[in-house]
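Colleague: Quick note on the numbering used here: the sequence shown kicks off at 87 and runs consecutively.
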Amino acid sequence: WGANGAGQLGDFTTTDSLVPVQAATPANVTRIAAGGTSSFAVTADGKLWLWGAGSLGFVGDGTFVSSAGSVPTLVANVSNPRAIAGSMGLGTVNDIVAVLLQNGTVLTWGRNGYSLGNGVHWLAANGEERATGLAGVTSIAAGEHHTLARKSDGTVWAWGFNDSGQIGDGTHIQRSIPRHIRLRA
Numbered sequence: 087w088g089a090n091g092a093g094q095l096g097d098f099t100t101t102d103s104l105v106p107v108q109a110a111t112p113a114n115v116t117r118i119a120a121g122g123t124s125s126f127a128v129t130a131d132g133k134l135w136l137w138g139a140g141s142l143g144f145v146g147d148g149t150f151v152s153s154a155g156s157v158p159t160l161v162a163n164v165s166n167p168r169a170i171a172g173s174m175g176l177g178t179v180n181d182i183v184a185v186l187l188q189n190g191t192v193l194t195w196g197r198n199g200y201s202l203g204n205g206v207h208w209l210a211a212n213g214e215e216r217a218t219g220l221a222g223v224t225s226i227a228a229g230e231h232h233t234l235a236r237k238s239d240g241t242v243w244a245w246g247f248n249d250s251g252q253i254g255d256g257t258h259i260q261r262s263i264p265r266h267i268r269l270r271a
């Protein structure tokens with residue numbers, strides 16, 4: 087339920103809904119995630135499906151065509167992800183997908199306002215970009231203007247727009263590559 091202007095509810099429409107609607111997901115979904123204008127599912131066979139804002143490059147197939155729309159679309163070049171996170175930004179700032187692969191690396195794509203983690207900002211990416219310097223990642227999360235990764239050594243890394251200090255490095259400086267965040271007890 088909720089906003090559905092990009093087809094993110096997956097019910098073959100772009101009509102908002104105040105009550106739950108049945109998404110046209112593939113069978114045997116084991117994990118789900120949602121971003122601002124897209125939704126994601128992983129099936130038991132390890133396939134990643136996406137629906138919603140394909141026009142932002144969210145399908146990760148090298149196009150900016152709204153190929154996702156209101157029905158699930160297979161992301162053919164990603165298999166068996168450990169985790170998926172979608173973030174939403176305001177306007178053109180940030181709207182990305184982050185995928186944690188089995189090998190502990192992070193792929194990102196979508197509309198980039200510092201949040202792809204590849205050192206480039208204000209450039210939409212329509213295929214996967216590897217977040218720079220991240221290996222051994224065990225979990226990921228995405229916020230309104232930023233992305234987080236936790237490594238196997240317990241360290242936390244963050245990148246993104248940082249306009250409200252959401253990266254946690256004590257600044258308002260935008261970070262286009264992952265930055266180690268020192269947590270205080």
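C-beta atoms are modelled at their ideal positions from N, C-alpha and C, and glycine is treated no differently.
Please state the DSSP three-state secondary structure of Ala227.
Modeller: strand
Colleague: Note down the Cα distance separating Arg168 from Leu186, rounded to an integer number of angstroms.
Modeller: 5 Å
Colleague: Closest by CA to Ala127, which one among Pro264, Gly256 and Gly172?
Modeller: Closest option to Ala127, Cα to Cα, is Gly172.
Colleague: Please classify His258: does DSSP put it in a helix, a strand, or coil?
Modeller: coil
Colleague: First and last residue of the beta strand (DSSP E) that includes Ala169?
Modeller: Ala169 to Gly172
Colleague: If we call anything under 8 Å between Cβ atoms a contact, is Ile170 one with Leu134?
Modeller: yes
Colleague: Can you tell me whether DSSP reads Arg293 as helix, strand or coil?
Modeller: Because the chain in this structure spans residues 87 to 271, residue 293 falls outside the shown range and cannot be described.
Colleague: Give a yes or no on whether the C-beta atoms belonging to Gly91 and Thr99 are separated by under 8 Å.
Modeller: Here Gly91 is not near Thr99, since their CB atoms are 8 Å or more apart.
Colleague: Helix, strand or coil for Gly121, going by three-state DSSP, please let me know.
Modeller: coil
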